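Below: one structure, written as structure tokens.
In this note's numbering, the protein residues as written are -9 to 362.
Here is the structure:
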């Protein structure tokens, strides 16, 4: 799906569209360059320490908050909160640290005015995008309608923030801040909820994390490699709660799919939400089981194996360019949270969700953090 309001903003401001909004050869040239910076194994090795630093700082902030605001005896206090605002700040802080190589101080008890404006800009841009997808945004632009004015103003601030911090050659990455923080913050909340209401799963993942962290000697990349249940937790979360509910492609030539002739240029769409909860694809689909994604285990998958059942980041040349950052960011955050806290939930009822630009909970779940 082309996000036309985003493209229109860039056209009116004479900004480059960035790889997310491009197509054809122009997209291909930019994407090949970006793959080297954010997708290749060498790039992953460079940014994991940056993400790990932010994840550890987030957990230190949470420990301070639990100790200051929680209940119970000192050292074992518990605090029940809606973690969504803090997870959103974590995603922004981590993204900026990777993209700019600098911290912006969102974990401070009193963030700078500049940081607060940046948070506002990203939140406002995301909030105004869904209605603009179904309204004549160019007409709103010419009329100076408040909805468009707020959307454009938010994007202007995001671009200014990027231009002040990164070299000209990396400005094409500024679009990565748009979907990443909001989507990342939401699915982190879903993951914490599922671990909180499945204590046996949580303990199994924590035990593996403790062993891998001890064996890694403080090397975060090695620790992740030895804790496959962390990645399984992410896949399982995105199976049940895909950030984007569909994957869309337009074939460049006529193809045949399961005896259906698909003409070139026709939109082909995979609906991830029903696919992830289908008993025809997954055994016991509503059970949260990170172990179903293990390489040596094929039970839990209909038809054997796990290929093409995890499509939350897309697949192939146009898969999410921020995939490696998002996966490692989430794994590192979960690792440090599980090392420092026991998670539980006041209510284990299923979360009611809604889809705007992304899948969101109608009401963000509350999580209880208990210091270990």
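Glycine included, each C-beta is placed from N, C-alpha and C at the ideal position.
Note that the structure is predicted; figures quoted are calculated from it, not measured.
The alpha-carbon separation between residue 11 and residue 180 amounts to approximately 28 Å. In the displayed model, residue 124 falls within coil according to three-state DSSP, outside both helix and strand.
Approximately 7 Å separates the beta-carbon atoms of residue 88 and residue 41; this is inside 8 Å, confirming the contact. The DSSP-derived three-state label of residue 135 is coil. In terms of CA proximity to residue 188, 339 leads the group 339, 102, 1. When secondary structure is reduced to three states using DSSP, residue 236 falls in the strand class. The C-beta of residue 349 has 16 or more other C-beta atoms within 10 Å across all chains shown, which makes the residue buried.
Only buried fits residue 318, as 16 or more other CB atoms lie within 10 angstroms of its CB. Fewer than three pairs of CB atoms, one per stretch, sit closer than 8 Å, so the segment 128 to 137 makes no contact with the segment 93 to 105.
Nearest to residue 39 by alpha-carbon distance, out of 85, 330, 8, 178, is 85. Excluding its 5 nearest sequence neighbours in each direction, residue 62 has C-beta neighbours in its own chain below 7 Å: 68, listed in chain order. By the neighbour-count criterion, in which 16 or more other beta carbons inside 10 Å mark a residue as buried, residue 201 falls on the exposed side. Counting only the Cα atoms, residue 328 lies some 14 Å from residue 210. Residue 282 counts as buried, since at least 16 other C-beta atoms from the protein chains shown sit within 10 angstroms of its C-beta. Residue burial is scored here from C-beta neighbours: residue 44 has at least 16 other C-beta atoms within 10 angstroms and is therefore classed as buried. Rounded to the nearest angstrom, the gap between the Cα atoms of residue 138 and residue 114 is 11 Å. Taking C-beta atoms under 8 Å as the contact rule, residue 108 and residue 323 fail to qualify, at a distance of about 20 Å. For the segment 279 to 346, the continuous alpha helix (DSSP H) assignments of 4+ residues that do not extend past its boundaries occur at 313 to 330, in sequence order. In the structure shown, residue 265 adopts helical secondary structure according to DSSP, grouped into three states. Contact check for residue 222 and residue 357: beta-carbon distance about 20 Å, past the 8 Å limit, so the pair fails to qualify. Residue environment for residue 76: buried (at least 16 other C-beta atoms within 10 angstroms of its C-beta).
The DSSP-derived three-state label of residue 250 is strand. DSSP places residue 351 in the strand class (E or B) of the three-state scheme.
Nearest to residue 116 by C-alpha distance, out of 57, 345, 132, is 345.
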